[in-house]
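Here the structure is laid out as structure tokens; the discussion comes afterwards.
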Amino acid sequence: MMLAGKVVAVTGAGRGIGRAIAMLCASEGAAVVVNDPGVAQDGGGGDSRPAEETVADICAVGGSAFANLASVTDPAGAESIVADAVREFGRIDAVVNNAGILRDAIWHKLSHEDWRAVIDVHLNGAFNVSKAATPHFREQQSGSFVHFTSGSGLVGNIGQANYAAAKLGIVGLSQSIALDMARYGVRSNCIAPVAFTRMIENLTQGASPDDPGIAKMRANSADKVAPLAAFLASDAAAGISNQIFGVCGNEITLFSKPRPVRSMVKDEGWTAQSIADELVQAFDPDFARADEVAADVIPSRKA
């Protein structure tokens, strides 16, 4: 019962990774606010059933949960998630920013609408919910933010400029929260998951059922991600902050952050030509591949 007495809010908790996290947190003793407006993968529509079913399943096994159907893109909706936690369960101890949508398109076909929609849910949503919880965390001198990033943001991926930008932005948000809130005993960490969810399944439509890559992806179930999120929400993770973790199946990864790998000084200053003649030759062994995607860097994502 690692989360006994704790109250955890999980966004996007009606399905997939969010549901798995909500279920596990409840089994570890937490009261859970299950936030999910029940939208389609692209953010359209709405359905109360996913959140309500997750709450019902938690309560059926003796847990405590409350459904919240607000959109994280709405600051007032985000505030209602935290308000529901405090009203129903008396406090808020951890926020898991998992809500997300996909609107993939190759760069030259990406619309302004699809850019804004994805940024709004992932990055603005994480900001909105975190901002709402912060006064409570600050007052009680404790709290944990668990944000979901992606290999698409950390490394890059084809056809996901909006998603990648949002997910790398979440890393920057988490880092700043961790630094600003450390004095109050508040932690902020990121998880980059690899799991076969509704989003991934839709991306693999038309693939052969015998494709070994698809079979490997299916083995990476959403419930494999939940233990790390539950741990980071708990007091057992005290002192762990400003980190980026990855989860793929039974493997947990710790990611490095961007750091200088090489520098070169030219006393008389640089010209465009001297950069071409000297610096490029010196830096070339450390250049990242121009065509590198997440699957090239994260071994567990390779088929």
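Residue numbers for the sequence shown follow our numbering, beginning at 711 and rising by one. Just so you know, even glycine gets a beta-carbon here, dropped at the ideal spot from N, CA and C. Since the model is a prediction, treat every value here as computed from it, not as a measurement.
Any chance the region 980-989 sits against the region 776-795, with 3 or more Cβ pairs inside 8 Å?
Too few Cβ pairs lie closer than 8 Å, so no.
Identify which residue in G724, E798, D784 has its Cα closest to the Cα of D767.
The candidate whose alpha carbon is nearest that of D767 is G724.
Around the C-beta of K877, are 16 or more other C-beta atoms found within 10 angstroms, so that it is buried, or is it exposed?
So K877 counts as buried.
Can you give me the Cβ contacts of D994 inside the same chain, cut-off strictly under 6 Å, excluding the 5 residues immediately before and after it?
If we look at D994 and ignore the five residues flanking it on each side, it has no Cβ neighbours.
Buried or exposed, going by whether 16 or more other CB atoms sit within 10 Å of the CB of R813?
It counts as buried.
Does the beta-carbon of K716 have 16 or more other beta-carbons within 10 angstroms, so that it is buried, or is it exposed?
With 16 or more Cβ atoms within 10 Å of its Cβ, K716 is classed as buried.
Let me make sure I understand the geometry here. Which of A947, V896, P903, V720 has the alpha-carbon closest to that of D794?
With distances taken between Cα atoms, D794 lies closest to V720.
Can you tell me whether DSSP reads L964 as helix, strand or coil?
In this structure, L964 counts as strand in the three-state DSSP scheme.
Identify whether I868 lies in helix, strand or coil by the three-state DSSP scheme.
The answer is coil: DSSP assigns I868 none of H, G, I, E or B.
Taking G728 as the reference, which of A998, D1001, P903 has the closest Cα?
When each option's Cα is compared against that of G728, the closest is P903.
Excluding the 5 residues preceding and the 5 following R848 in the sequence, name in chain order all residues of the same chain whose CB lies nearer than 6 Å to its CB.
Cβ within range, chain order: Y894.
Check the C-beta distance from N838 over to V896 and give it rounded, since I have them as a contact under 8 Å.
About 17 Å separates the two Cβ atoms, so there is no contact after all.
Measuring only the C-alpha atoms, how far is A936 from N960?
If you take the alpha carbons of A936 and N960, they lie about 11 Å apart.
Three-state secondary structure (DSSP) at R826?
Three-state result, R826: helix.
Tell me whether T783 sits in a helix, a strand or coil according to DSSP, three-state version.
Here T783 sits in coil by DSSP.
Taking only three categories from DSSP, how would you classify A1013?
No answer about A1013 holds up, because its pLDDT of 42 lies below 50 and its placement is not dependable.
Classify K1012: buried if its beta carbon has 16 or more other beta carbons within 10 angstroms, exposed otherwise.
Residue placement at K1012 cannot be trusted, given a pLDDT of 49 that sits under 50; what the coordinates show is reported in the next sentence. Flag for K1012 reads exposed.
By DSSP, does N807 sit in helix, in strand, or in coil?
Of the three classes helix, strand and coil, the one that applies to N807 here is strand, per DSSP.
Between G853 and F799, what straight-line distance do the alpha-carbon atoms span, to the nearest angstrom?
Distance between the alpha carbons of G853 and F799: 15 Å.
Between D803 and A815, is the Cβ-Cβ spacing less than 8 Å?
No, Cβ-Cβ distance for D803 and A815 is not below 8 Å.
For I778, which residues does DSSP report across the bridge?
The question names Ile, but residue 778 in the sequence shown is Asn. N778 pairs with N745.
Answer yes or no: do V881 and V1007 have a C-beta to C-beta separation smaller than 8 Å?
No; because the gap between Cβ atoms is not below 8 Å, this pair is not in contact.
Assuming L942 and I950 form a contact by the criterion Cβ under 8 Å, report the distance between their Cβ atoms to the nearest whole angstrom.
With 8 Å as the limit, L942 and I950 qualify as a contact, their Cβ atoms being about 7 Å apart.
Rounded to whole angstroms, what is the Cα-Cα separation between S737 and V975?
Cα to Cα, the separation comes out at about 57 Å.
For S737, decide whether its Cβ has a neighbour in chain D, counting only Cβ atoms nearer than 8 Å.
The structure shown contains no chain D; it holds only a single protein chain.
Just the C-alpha distance for V743 and A836, rounded to the nearest angstrom, thanks.
Approximately 16 Å between the Cα atoms of the pair.
Where are the alpha helix (DSSP H) runs, 4 residues long or more, that stay fully inside the region 948-1011, in chain order?
Fully enclosed alpha helix (DSSP H) runs of 4 or longer: 990-993, 1004-1007.
Tell me the rounded alpha-carbon separation between L883 and Y873.
Distance between the alpha carbons of L883 and Y873: 15 Å.
Taking the alpha-carbon positions, what's the G722 to G810 distance?
If you take the alpha carbons of G722 and G810, they lie about 7 Å apart.
Which word fits D890, buried or exposed, when buried means at least 16 other C-beta atoms lie within 10 angstroms of its C-beta?
It is exposed - the Cβ of D890 has fewer than 16 other Cβ atoms within 10 Å.
Quick check on DSSP: helix, strand or coil for G861?
Residue state, collapsed to three classes: helix.
For F855, count the other beta carbons within 10 Å of its own beta carbon; 16 or more makes it buried, fewer makes it exposed. Which is it?
Answer is buried; the Cβ neighbour count reaches 16.
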